[in-house]
Structure formats: C-alpha cells, structure tokens
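Some notes on the structure that comes next.
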Amino acid sequence: MHRASVWIFLAHLCITSFALYRGENYREDLRVQPLRDGRVSTTFSFVTVLESAVPRNPNALGQLDESQHYALFPLTLGQILREYAITELHLTLNAGKWNYDNWGHPHEAGVGTGAELWAWMGASEVTTVDERWSGLRNALSGLFCASLGSLDSRRTLSPTVAFPLSGSTPTFSPHELRHASLPSENVCTENLTPFLKLLPCKSHAGLAALLNPQKVFDADWHGMGVHVTWKEDTGVELKLTLQAVFNPVRTSTGKRRDWNLQLLFDRSIEQSCPVASSSSITVVLPDGKDYQITPENPVHVDGLAIYDLSSSPNFTIPSNIAMYWPSEHSFQYPLPPLTPVTPLSVKRTIHGTTQTRGVLSVSVTNNSPQEISTGYLEMMPALLTLWMHTLKVEINSQIRSDLLSGLKYHPPSPQSNDRPSPSMLQAVLRIPPKTTLKISMEVSKAFLKYTEHPPDAMRGWDLPGAVFFPLPQSSHDTSLSYNWERIYTPTLLVDLPTPDFSMPYNVIILSCTLMTLIFGSVFNLLTRKWVVMEIQE
Amino acid sequence: MLLIPLPLLSQGTYIDENALQPAQVNTYWNWGDVHTADLQLYQLDGIQERNLTSEQRAEFFMTEFSKLGLAASIQNYTFSTSKGTISGHNVYAVMSSPRAAGTEAMVISASWLSRAGHGTLNLRGTSTVLSLAAFLKDYSLWAKDIIFIISDDYLHGMHAWLNAYHGTVPSNLYTDPLEHTSGVIWTALNIDYSSHSFSHLGVFHEGLNGRLPNQDLINSFRLISHYTGGVPMAVYDHLEPSDSVDRGQSVFPPWVPLSVQQSPQLQQYGYRVRNVVRHIGYQARGMCSGVHGLMHQFRIDAITLFAVPADGPHGFHALGRIVESTLRTMNNLLERLHASFFFYILTSPGTFMKIGMFLPSAILVSVAMLFKGLGEWVTAGWVWEIYETSLKSSETEKSSPAKGTWRNRRRPLLSALIVVVTTHVLGVLVFNLVCSRWFAEYPSFLAPAIFVAVSVAPLILLPLFSANAPEAAPTSMLLKSSNLCLASTVISIMSLLNFSLAAMLAITMGVPLATSNTSSSTMISRLRYAGYCVLAWGWLVLFPGEVESAIWNWEVLGVWFAPFIFIVYAPLVMQAAIVCLQD
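Read top to bottom, the protein sequences are chains A and B. Throughout the first sequence, residue numbering follows this note's numbering, covering 17 to 553 in sequence. Throughout the second sequence, residue numbering follows this note's numbering, covering 5 to 587 in sequence.
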C-alpha cells in the first residue's frame with residue numbers, strides 16, 4: 017500500500033513534468049558552406065523555444081515573479097532574463113575579422129570583432145532601464161566569463177535604427193535599446209565552456225559533441241552568439257549560435273580543400289541528442305560540378321544537401337560527412353581580379369602619425385549594378401572627437417555631398433559619473449552602381465588623465481568597427497531588394513598621447529625632485545649673508 | 005670624442021623587454037621551404053635575364069602572392085623632384101592572421117635593388133620574402149597581420165608605400181590609394197641578400213634624420229641569429245677583428261706599422277672606430293643606412309638584415325629560420341617596443357654606449373662655446389680707459405703699465421642682429437636656388453658661382469652699414485658673442501635630436517668660431533675671411549656629389565640635413581667670417 021502510493025506520487029510527478037515539457041522545444045542545426053578561398057564556414061545553431069511564454073513586464077518588477085520551471089531552457093539564463101525583464105537580448109563574442117569580400121555575408125549577422133551586447137527592455141517606473149542594463153551586463157559577464165562588465169556608460173548607446181527589435185513588440189510599455197561593444201575582448205575556451213552548459217545535452221550528444229575547443233579555437237575565425245527574441249505567436253526563443261571558419265588548406269598536409277567533419281573537429285557524433293525535436297546538418301553545395309560528397313543521397317533542396325540526424329533509424333549517425341575534389345591535386349587559389357561576393361565592401365582606416373589628430377576615412381564600394389542605399393553608423397568612444405565640419409563625401413576625388421543624407425550626430429556628452437558617453441554618427445549613404453564612395457573626417461584624440469589609463473600593457477586603444485545596415489524598406493522599395501544584413505568593419509587601434517609610465521621616468525622625476533631640494537637648501541646656505549643686526553632701542 | 009670607441013666605456017647589450025623571449029621557439033622552416041625559395045630564385049633569374057620592366061615585374065610578384073591566397077596589390081607612384089620625375093611599382097600582400105582583429109601588423113620587406121649598390125639586384129632577398137609568404141601563412145600562431153612588401157628600386161619605393169599607408173602623402177608624390185590595408189605597424193624587417201651565400205648577417209639600423217630603432221630589436225635579433233641560425237651578427241658589413249684576420253682583411257690601412265696591426269687591443273679599438281665613424285657618417289647626414297630607415301618616422305622599429313657576401317657557409321636555410329624566429333619574437337609583443345634604448349651607439353655586435361656616456365663630449369664643447377660667448381659679451385661692455393697723464397708717462401717709461409680705469413660702455417646689438425638675420429636669409433635664398441631646376445641642370449657652373457656670390461656679398465654689403473659710434477662696443481665683438489651663443493644653443497639642441505650631427509658641428513664650429521678675430525692687418529683678416537668662407541660654403545664646390553644626394557634626400561625623403569646646413573650651419577660660420585672682416 018505504502019509502496020503503491022510512492023509509485024503514484026512518482027507517476028504524478030512525471031506527468032506534471034511532462035506537461036511542462038510540452039511547452040518547450042529544442043532543435044539544432046549545423047550548416048557547412050565551402051567558400052571560394054578554400055575555407056569552410058560552419059554555423060551551429062541551437063534553438064530552444066519556450067512556447068507561449070511572455071517576457072516579464074518591467075512594471076511588475078517589484079512583485080514576486082511566477083515560478084520558473086524549465087526542462088530544456090537554461091535556468092541560469094532564464095533567471096537573468098526574468099530578473100531584469102529583458103524582452104530581447106543579443107550577445108556575440110567573436111575573434112578575428114570576417115572577410116566579407118571572400119566569405120560573403122555570414123549566416124548570423126553579428127560578426128563584429130570582440131564582444132557586442134544589445135538588449136531591448138521595456139521602460140518602467142520601478143527600476144530604470146539603465147539600472148537593469150548595468151545588472152544585465154554584470155550577470156552575463158559572470159555567466160559567460162567575459163569582461164562584459166566594462167561595457168559601461170562610456171560605451172553604451174541607443175542606435176535604434178541599426179539594431180531594431182527583431183521579434184514582436186510587447187504592448188505593456190514603450191521599449192528602449194541599450195547597445196555596447198568591446199572590441200578588445202578575447203574569446204577563448206573559458207567562454208565556450210559556459211556556452212555549452214546552456215545546451216540541454218551539453219557537449220555529450222548531438223551536434224554539440226563536435227565542438228572541440230582545440231579545433232574551434234584554431235579556426236581562422238570563430239564566434240559565438242546568444243540571441244533571445246520574443247515572437248507573439250511562438251513565444252520566447254533562445255538561439256545559441258557558434259560560427260567558425262576553418263581553413264583545410266592550411267591544416268591539411270597536401271594543401272587540399274577537402275574536408276570532413278572528423279578532419280574539421282577531430283570529433284564525431286556518437287549519439288544524437290534525445291530531446292532534440294530536429295537535428296540536421298546542411299551542406300551548401302558549391303557551384304562547380306567537380307566535387308563529390310559522401311554519404312550520398314541526402315535530401316537536395318536548392319543547392320543544399322540536408323542530413324537529418326534525428327530521423328535516422330536507431331540513431332545511426334552519418335558520422336563523417338565529407339566533401340572532396342578528386343580532380344584537384346592541391347587547391348589553386350582564385351587569381352585576381354576577384355569580384356567581392358557581397359554587394360557592398362567597406363574599408364575603414366585611421367590615418368595620421370601624430371598622437372593628437374588623425375583622419376578617419378571609410379571607403380564603401382558598391383559592387384552591384386544597382387544603386388544601394390545603406391545606413392552608416394559610427395559609435396565612437398569619447399577617446400576620439402569627430403569633427404563634423406571636416407566631413408567630406410567623395411567619389412573619385414570629387415565632392416558629392418548629395419549622396420549623404422539624414423546625418424545625425426550626438427557628440428560625447430558628459431555624465432554624472434565623469435565618464436563621457438560615446439559619440440554617435442548616423443547617416444544614410446546612396447552609392448551609385450560600381451563606384452567607390454569615400455567618407456573622411458578629421459578626428460582629434462583625447463588627452464586622458466593619468467588615472468584613466470589602464471594598468472596593463474599599453475598597446476593602444478581599440479575602436480569598435482563601424483556598422484553598415486540596410487534601411488527599413490518602408491520608405492521606398494524600388495529595386496533595392498538586396499536581402500542583406502548588417503556589415504561590420506574591422507576594428508581599429510589608435511594611439512593616444514600616453515605618458516611614459518616606465519621606471520626610468522619615475523626615477524628621473526624622483527631624483528630631480530631630490531636634487532632641487534638639496535640644491536635649494538645648499539644654495540640658500542651658501543649665498544645668504546649672516547649679519548648681526550643691532551636693533552636700536 | 006676619441007674615447008668613444010674605447011671598449012672600456014661600452015657596456016654589454018641585453019634584452020630589456022621580457023615579452024620578447026628571443027630564440028626560445030622551435031622553428032619549422034625546413035629544406036622543403038628552401039626548395040621553394042630556390043624555385044622562386046630560378047624564376048627571378050629568368051626575370052633578370054629577360055630584363056622585364058618594373059611594371060611587368062610587379063605583375064609577376066602580384067600573381068605569385070595571389071597564388072598563395074593572399075590579398076595582394078600593386079601600388080603605382082610618381083615622385084616629382086627638381087631633377088625630373090621618378091616612378092615605380094610596389095607590390096604588397098597582406099596576410100590576415102587567423103583569429104586576430106588585424107589591428108596590429110608586422111612587415112617583411114625587400115627592395116628590388118640591394119644596398120650593395122652598383123645596381124645589384126636583391127634577388128635572393130626578394131625570393132626569401134616570397135617563400136616566407138608561402139611558409140608563414142600555414143601557421144595559426146600569428147597574433148598580428150603580416151605585410152609582405154617588395155618595393156621598387158632602393159629607397160623611394162618603400163617611401164611611397166609607407167606614405168600611402170599612413171595617409172601622409174607629400175605634395176610631390178602622386179600615388180594610388182592602397183587597396184588593402186591592415187593595422188598599425190609596430191615592427192619591420194627588411195631583407196637584403198644579394199650575394200650567393202653569406203657568412204655574417206649585418207644589421208643596419210640608422211633611420212632618417214638620425215632616428216634609431218629600439219635596441220631590443222637588434223639585441224633579440226643577435227641572440228636569435230646566434231642561437232637559432234648559428235650565424236654571427238655583424239654591425240654593418242664590418243667583420244670583427246677575429247673574423248676578418250681569417251679573411252686576410254685588416255681593420256687598419258696598409259701604411260700602419262705591423263706592430264700596431266698585430267696588437268689585439270688596437271685592433272679592437274680600430275674596429276670600434278670604424279663602426280662609430282660609419283654610424284656618425286649615416287646619422288649626421290640624416291641618411292638611412294637601408295630601406296628600414298624610412299619606417300622609423302612612423303614609429304615602426306625596423307632593421308635591415310644584410311647578408312654579408314662570402315663563399316659560405318649560410319644560405320636560405322639559416323636566413324629563413326632566423327627570420328621566422330625573429331617574427332615569432334616580434335609576434336610576442338603586447339605593446340610597442342619601449343623598454344630598451346632609443347639613443348645609443350653600437351660599438352660592436354655585443355656592446356653599445358648609452359647616451360649618458362657619449363653625450364657629454366658634444367655638450368662640453370657647446371658649454372665652452374657658451375662661456376666664451378658670454379665672456380665676449382662681458383668684455384664688450386667694458387673698455388680700458390687710460391688716463392691722459394699716465395699716457396704721457398708711459399711714453400717715457402715703457403716698462404710700467406699704463407694707469408687707467410675700466411669704463412662701462414653701451415652695447416648696441418642692432419647692427420650685429422642685422423648681420424645675423426641677413427646671413428640666415430641669405431642661406432634660405434641660396435637653399436631655394438640650389439633646390440631649383442636651374443641648379444639641377446647646370447650644377448658645375450652654378451655651384452662655383454653661388455660660392456663666389458655668397459663670399460663676395462658681405463664684402464659689398466658691409467660698408468653700407470654704419471659702424472657703431474666710437475664710444476660704444478665694436479660690432480665685431482657683439483657679433484662674435486651672439487654668434488658663439490647661437491652656435492652653442494644649436495649644438496646642445498642638436499645633441500639630443502641627432503648626436504652625430506651635433507658632434508660634427510662641435511668639431512667644425514667649436515674652435516673656428518671661438519678664434520674668429522679681427523686683425524690689424526687687412527691682408528690677414530682678408531685671408532681669414534676667405535678661410536671661413538671656404539668652411540661655410542666650400543662644400544658646394546668641393547663635394548658636388550654630397551650636395552646632390554642631400555638635396556635628393558630632402559626632396560624625396562624629407563631629410564632636413566640639407567636645409568639645416570644651408571640655413572643654420574653656413575650662416576653661423578659666415579657670421580664668424582664677417583667678424584674677421586670688421587675692424
């Protein structure tokens with residue numbers, strides 16, 4: 017009798033947990049794309065959906081929150097989202113610079129070097145958005161072992177046009193954006209381990225079993241992303257992505273571009289993740305006909321070969337998907353002139369050898385036969401001051417100011433904590449077909465107080481990359497049907513006037529002070545005339 | 005100054021930056037890569053035989069870089085100078101290092117012409133760069149981008165590239181904007197390997213306008229060259245006495261007695277004298293001793309590795325390993341090289357002199373001149389006035405000194421100042437004339453003409469000035485005092501910017517300026533005047549080659565040695581000449 021009641025209790029527990037289970041859904045996908053320069057781009061995406069869940073209303077932050085029971089959704093992240101009432105969150109940690117010209121647009125748009133964090137939050141009277149933003153930064157930096165805590169008010173901006181809300185807009189309150197980036201953040205194993213912990217199968221089963229830090233961090237480019245969005249019809253969606261660009265030509269002995277999963281990751285998938293509702297590997301087939309792919313007979317759709325792991329009977333995993341070019345002895349790089357893969361290619365440099373001034377120049381090339389309108393966003397820490405009166409827009413050394421419109425500039429503003437906020441420059445550029453547009457403006461470099469210099473090795477200051485983004489289609493939808501996402505330019509390093517903090521200077525300063533003191537007193541003693549004064553009464 | 009080369013005064017070199025870790029890595033450059041280099045050399049030999057134009061050559065290099073999958077491009081440039089235009093084609097390739105943001109970069113370069121001169125082609129240096137490009141891109145350990153440059157000609161190719169890269173294009177340079185860019189360049193190696201094989205790797209380090217690279221770069225190269233490649237390092241192409249004896253060369257000229265030649269101490273001294281003299285020769289003229297020297301002005305620490313020609317034993321294998329290891333060391337840097345010395349004289353590969361040891365030699369001369377000038381100023385303020393009475397008595401008794409008193413007198417500076425300003429303005433005029441196209445066309449006629457003109461001009465102009473009133477101090481004394489003070493200031497300032505130039509100024513101006521004097525005899529004062537004129541402007545006639553190269557350096561590379569000599573040095577000596585002329 018007693019035993020039966022225990023069983024009933026256990027069964028009850030199972031049923032309730034199963035009921036919770038139904039609200040969650042997990043799917044994973046790996047997309048492999050051979051690139052024209054012999055490299056292989058891989059994109060893992062792990063999507064967990066909390067069905068019919070709603071982001072927390074920030075006005076209810078003072079009250080007790082509903083209890084959080086997740087089976088697949090990571091609790092650590094869920095707690096952070098509820099605690100700070102985050103509607104939408106995007107965090108990317110990348111290493112390397114994405115070569116748009118050769119690799120095309122990435123599968124996940126957020127490829128800016130270093131760390132980038134942006135979140136949409138509802139305004140509330142209980143706690144301000146900035147307070148929650150600060151809490152979110154610190155919580156995430158603890159969760160991902162990244163220095164996101166330094167994304168403070170010196171780096172925070174609200175560029176709402178370039179980073180719109182990608183899901184639905186909740187109706188409970190007006191929403192605000194906070195965006196910050198840290199280009200000097202290094203991404204390494206310590207960030208990958210907490211990332212893998214957020215997955216329901218960790219790295220034990222499913223596609224995540226391939227994620228071998230030894231190989232991923234040897235790739236030419238790698239980055240991870242956490243994207244939380246809310247869609248009214250589906251619910252809260254958590255998308256964990258990991259992208260890496262491998263270079264088989266570099267790692268293979270015969271300088272061939274052949275690849276297989278075992279070679280790329282040095283791991284294989286032993287079993288699929290049992291809780292995944294779908295698990296697939298998609299290979300983007302290259303243009304030529306001279307390649308072979310094994311195992312054969314996958315589902316072919318529009319130049320894609322799709323291997324479904326979850327539907328395989330008895331979990332027989334096609335352990336090693338391989339692509340090879342039998343007719344090639346070694347890979348021949350395409351010879352110039354090469355046309356870039358993307359319609360826009362952007363270069364950004366900072367000129368000037370002095371430590372006080374410089375010229376920021378950006379050149380944007382439209383490679384397509386149609387005119388392209390693009391948004392241009394510059395988020396500059398207050399280390400540099402952009403001088404708007406020197407802004408020049410040129411095509412072939414001819415001033416074409418008519419191509420720049422909608423210029424908005426927020427100069428760095430002093431804040432209560434004595435840390436100036438970054439400046440923001442936003443403009444719309446029209447680039448005629450097959451031309452290169454050059455934007456240049458003079459900048460002056462800040463002279464920092466000596467306490468504002470970091471204590472570590474002084475290699476210069478990293479400036480975040482500029483962002484080029486497609487404009488909302490509502491204004492005019494003529495021929496601008498390019499379906500492209502944000503383009504990040506590489507980051508820059510700038511030398512600011514730096515005092516010499518090294519030991520010799522300290523010694524010189526100290527010994528000079530000592531010398532003056534001694535000299536002063538000795539000189540005084542030597543030159544003073546000692547006279548007996550007789551004071552007459 | 006003669007003490008500078010003494011071994012006692014030098015100290016041993018050492019590595020100051022802990023991050024460098026020289027010669028601590030395993031190198032991967034092997035005989036397969038040497039074979040690649042040999043194949044490249046074979047192709048380059050073909051280019052040399054077919055006598056391709058600079059443009060065709062650039063196309064070839066660009067194809068070679070593109071075959072490796074590097075972002076390569078050609079830069080066309082044209083300099084316009086008073087002697088006509090110079091144009092060329094540089095090829096460069098950027099290797100984006102994996103995982104790095106591309107904010108910092110290192111440069112490996114080779115110029116098409118070798119520094120050995122006489123049109124020697126730097127074929128092996130170029131093929132080393134090409135094969136290194138193929139080799140280095142296969143490793144993922146690079147934290148900085150690597151830029152490979154094959155610059156046209158000897159100096160001006162790299163100069164055009166650097167200016168285009170840093171956006172500081174001077175007005176006389178026309179260049180295409182660079183198609184590929186990378187980050188901030190911190191360090192650079194320039195490879196110069198023209199002979200068949202080499203015994204030593206010579207380091208050339210002097211940059212434009214007397215700039216030197218951080219000594220850590222040279223020191224770590226020395227260690228790497230010794231331990232990784234087994235190649236001894238040399239300063240310039242001077243071999244150490246122990247090495248040069250084997251080759252039957254001596255540091256001394258043949259007329260030196262045999263006993264001196266065989267003394268090891270004197271040999272060591274002679275060797276160091278050669279190094280110091282060569283160093284001063286480059287630095288004083290503001291010339292760079294190789295292609296690397298163009299980079300120092302952009303805060304890039306760079307040296308040239310010169311393969312000292314020999315019958316053996318080293319070749320591509322040693323050079324490749326050394327360059328690879330040096331790059332790994334440079335790759336370790338977390339910040340710019342800053343720890344070691346920027347002001348030094350390398351007396352031998354392992355020893356150097358700190359600025360504190362050699363600076364006093366020039367400063368002492370300068371201070372002496374300042375005191376002399378101040379003394380002259382004080383003397384000018386007083387005159388020994390002899391009493392009327394004692395004057396009569398002195399005629400009778402010649403042995404007794406005349407009685408008199410010191411009288412204060414006025415020191416009107418205006419006329420001396422006019423002379424000073426006029427001489428400097430004359431210097432500017434002459435400089436503009438020499439930089440003009442006419443001078444470039446008829447140097448053999450114009451140089452003596454200018455010399456005569458500037459020497460005669462004061463003779464004509466001087467009588468126009470009204471002499472100071474008899475009760476005031478004579479202009480010559482005031483001029484001499486201001487001249488000495490001015491020269492002393494110039495020397496002390498120069499000694500910090502460019503020690504060698506200051507030392508040369510101290511030698512050429514120190515004694516002559518201090519001893520300039522009026523003479524009672526017109527003949528002697530005219531002769532003295534002529535002597536000073538030769539000292540001031542004589543080089544225009546005596547060293548036409550030097551003048552031409554200094555002007556070229558100024559116009560193309562921006563070396564301010566030529567304007568300095570025309571506008572500062574020559575006028576100062578002319579002022580001393582005018583002192584002699586006045587009575």
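All C-beta atoms in this analysis are idealised placements derived from N, C-alpha and C, irrespective of residue type, glycine included.
Expected contact under 8 Å - CB spacing of residue i and residue j to nearest Å
| i | j | result |
| --- | --- | --- |
| residue 31 (chain B) | residue 229 (chain B) | Wrong, their Cβ atoms sit about 12 Å apart, outside the cutoff. |
| residue 44 (chain A) | residue 251 (chain A) | Actually they are not in contact, since the Cβ atoms of residue 44 (chain A) and residue 251 (chain A) sit about 18 Å apart, beyond 8 Å. |
| residue 307 (chain A) | residue 275 (chain A) | Not confirmed; about 11 Å, so no contact. |
| residue 275 (chain B) | residue 244 (chain B) | 6 Å |
| residue 283 (chain A) | residue 224 (chain A) | 10 Å between Cβ atoms; not a contact. |
| residue 499 (chain B) | residue 234 (chain A) | Wrong, their Cβ atoms sit about 52 Å apart, outside the cutoff. |
| residue 363 (chain B) | residue 561 (chain B) | In fact, because the Cβ distance is near 26 Å, the residues do not count as touching under 8 Å. |
| residue 300 (chain B) | residue 226 (chain B) | Contact doesn't hold; Cβ gap of about 19 Å is too wide. |
| residue 76 (chain B) | residue 97 (chain B) | 4 Å |
| residue 194 (chain B) | residue 85 (chain B) | Not really, about 23 Å apart at Cβ, beyond 8 Å. |
| residue 196 (chain A) | residue 167 (chain A) | 4 Å |
Short Cβ contact (8 Å threshold) for residue i with residue j
| i | j | result |
| --- | --- | --- |
| residue 218 (chain B) | residue 142 (chain B) | no |
| residue 93 (chain A) | residue 84 (chain A) | no |
| residue 227 (chain A) | residue 212 (chain A) | yes |
| residue 95 (chain B) | residue 189 (chain B) | no |
| residue 344 (chain B) | residue 149 (chain B) | no |
| residue 357 (chain A) | residue 453 (chain A) | no |
| residue 575 (chain B) | residue 435 (chain B) | no |
| residue 529 (chain B) | residue 585 (chain B) | yes |
| residue 477 (chain B) | residue 415 (chain B) | yes |
| residue 81 (chain B) | residue 91 (chain B) | yes |
| residue 319 (chain B) | residue 201 (chain B) | yes |
| residue 558 (chain A) | residue 55 (chain A) | The requested residue 558 (chain A) is not part of the displayed model; chain A covers only 17 to 553. |
| residue 571 (chain B) | residue 439 (chain B) | no |
Sheet register partners of residue i (DSSP bridge)
| i | result |
| --- | --- |
| residue 246 (chain A) | A:252 |
| residue 50 (chain A) | A:56 |
| residue 189 (chain B) | B:109 |
| residue 420 (chain A) | A:445 |
| residue 206 (chain B) | B:238, B:310 |
| residue 361 (chain B) | The partner list for residue 361 (chain B) (beta bridge, DSSP) is empty, contrary to what the question assumes. |
| residue 553 (chain A) | Note: residue 553 (chain A) sits in no beta bridge, so no partner. |
Legend entry - Residues, ordered as in the chain, of the region 98–123 of chain B that lie near chain A by beta-carbon distance below 9 Å: For the region 98–123 of chain B, which is checked against every Cβ of chain A, the residues closer than 9 Å are 100, 101, 102, 103, 104, 105, 106, 107, 108.
Legend entry - Proximal residues, the region 77–108 of chain A versus chain B, C-beta separation under 9 Å: none
Legend entry - contact_flag[the region 206–220 of chain A, the region 178–185 of chain A] where n(CB pairs < 8 Å) is 3 or more: no
Legend entry - Proximal residues, the region 134–145 of chain B versus chain A, C-beta separation under 9 Å: 141, 142, 143, 144
Legend entry - Cβ contact (3+ pairs, closer than 8 Å) linking the region 316–335 of chain B and the region 106–116 of chain B: yes
Inset, instruction - Scan the region 389–417 of chain A for residues whose Cβ lies nearer than 8 Å to a Cβ of chain B and list them as they occur along the chain. - result: Of all residues in the region 389–417 of chain A, none is placed with a Cβ closer than 8 Å to any Cβ belonging to chain B.
Legend entry - Contacting positions in the region 347–365 of chain A - beta carbon closer than 7 Å to chain B: 349, 351, 352, 363, 365
Legend entry - Meets three-Cβ-pair contact criterion under 8 Å: the region 230–241 of chain B and the region 358–376 of chain B: no
Inset, instruction - Mind the definition here: the region 247–264 of chain A touches the region 48–66 of chain A only if three or more C-beta pairs lie below 8 Å; say whether that holds. - result: yes
Inset, instruction - Scan the region 146–171 of chain B for residues whose Cβ lies nearer than 8 Å to a Cβ of chain A and list them as they occur along the chain. - result: 170, 171
Legend entry - Segment contact, 8 Å Cβ cut-off, at least three pairs: the region 70–79 of chain A with the region 136–143 of chain A: yes
Legend entry - Meets three-Cβ-pair contact criterion under 8 Å: the region 474–485 of chain A and the region 414–434 of chain A: Because the criterion of three Cβ pairs below 8 Å is not met, the region 474–485 of chain A and the region 414–434 of chain A do not touch.
Legend entry - Residues from the region 71–85 of chain B in contact with chain A, defined by Cβ distance under 9 Å: 71, 72, 73, 74, 75, 76, 77
Legend entry - Members of the region 233–266 of chain A near chain B, C-beta cut-off 8 Å: 233, 234, 235, 236, 237, 238, 263, 265, 266
Inset, instruction - Decide yes or no for the touch test of the region 204–218 of chain B against the region 279–299 of chain B: beta carbon pairs closer than 8 Å, at least 3 of them. - result: Taking one beta carbon from each stretch, the region 204–218 of chain B and the region 279–299 of chain B have 3 or more pairs nearer than 8 Å; the two touch.
Legend entry - Segment contact, 8 Å Cβ cut-off, at least three pairs: the region 111–123 of chain A with the region 145–154 of chain A: Counting C-beta pairs closer than 8 Å gives fewer than three between the region 111–123 of chain A and the region 145–154 of chain A, which falls short of the contact rule.
Legend entry - Residues of the region 176–196 of chain B with Cβ closer than 7 Å to any Cβ of chain A, in chain order: 185, 187, 188
Legend entry - At least three beta-carbon pairs within less than 8 Å, the region 512–523 of chain A to the region 531–543 of chain A: no
Legend entry - At least 3 beta-carbon pairs within less than 8 Å: the region 255–271 of chain A vs the region 283–299 of chain A: no
Legend entry - Short-range partners of chain A found in the region 298–323 of chain B, where Cβ spacing is below 8 Å: 301, 302, 303
Inset, instruction - Could you tell me whether the region 388–405 of chain A touches the region 454–462 of chain A, where touching means 3 or more Cβ pairs closer than 8 Å? - result: Short answer: they touch.
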